[in-house]
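Take a look at the structure set out below.
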Amino acid sequence: NRYRPYGEEGVPMPWSSSIRRLCSNDILNFEKVFNGIKDNLFKWGTSQSGTMPTFDYVINNEFDEDLFAEVREKRLAALLSNEIYETEHKWLVYDFEEAQVKIDITDMILEDMIEEI
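The sequence shown begins at 981 in this note's numbering and counts up by one.
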């Protein structure tokens, strides 16, 4: 998703003040793309949030499911918090929200005008 022609948000809306310019060609360098993918996979893999049970969770010859679930939950929480930190700036695209409000207001005005007729 990071290597789309107009970036992660896609083509700007026609009324948007965003620059309608394609991303530079250096983003489309396949070696750079593959290295980015490799880095992401390595980062996600080191979290070990989806690991299978090992002998580390065997205590007194019994598998400790509570300990395994707790460790797995902590690792998943760390992975999610990292993802939130990295993508927080993309949560709200104000151009889209502004356009949606304008469309909603226009619909309300049109409905009121139709009711008057």
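Even for Gly, the Cβ is constructed at its ideal location relative to N, Cα and C.
Identify whether Val1038 lies in helix, strand or coil by the three-state DSSP scheme.
Numbered from 1 along the sequence shown, position 58 holds the residue referred to as residue 1038. The three-state reading of DSSP puts Val1038 in strand, counting E and B together.
Backbone CA spacing between Phe1048 and Tyr1037 [nearest angstrom]
For the purposes of this step, residue 1048 is identified with residue 68 of the sequence shown, where counting begins at 1. For the purposes of this step, residue 1037 is identified with residue 57 of the sequence shown, where counting begins at 1. Whole-angstrom Cα-Cα distance: 6 Å.
Using the Cα positions of Ile1039 and Lys1018, report the straight-line distance between them to the nearest angstrom.
In the sequence shown, counting from the first residue as 1, residue 1039 sits at position 59. In the sequence shown, counting from the first residue as 1, residue 1018 sits at position 38. Their backbone Cα atoms lie some 36 Å apart in a straight line.
CB of Ser1027 within 7 Å of CB of Arg1052, strictly
As a first step, residue 1027 must be located in the sequence shown, where it is residue number 47. As a first step, residue 1052 must be located in the sequence shown, where it is residue number 72. Not a contact, by the Cβ cut-off of 7 Å.
Ends of the alpha helix (DSSP H) at Lys1023?
By 1-based counting over the sequence shown, the position of residue 1023 is 43. If you look at Lys1023, you'll find it in the alpha helix (DSSP H) that goes Phe1010 to Ser1027.
Name the DSSP beta bridge partners of Phe1043, please?
For this step, residue 1043 is matched to residue 63 along the sequence shown. Per DSSP, Val1038.
Looking at the structure shown, is Val1051 part of a helix, part of a strand, or coil, going by DSSP?
For the purposes of this step, residue 1051 is taken as residue 71 along the sequence shown, with counting starting at 1. Helix at Val1051.
Under 7 Å between C-beta atoms of Ala1058 and Met993:
By 1-based counting over the sequence shown, the position of residue 1058 is 78. By 1-based counting over the sequence shown, the position of residue 993 is 13. Cβ atoms of Ala1058 and Met993: not closer than 7 Å.
Between Lys1023, Thr1086, Ser1029 and Ile1097, which lies nearest to Glu1050 when the distance is taken from Cα to Cα?
As a working mapping, residue 1050 is identified with position 70 in the sequence shown. Of Lys1023, Thr1086, Ser1029 and Ile1097, the residue nearest in Cα terms is Ser1029.
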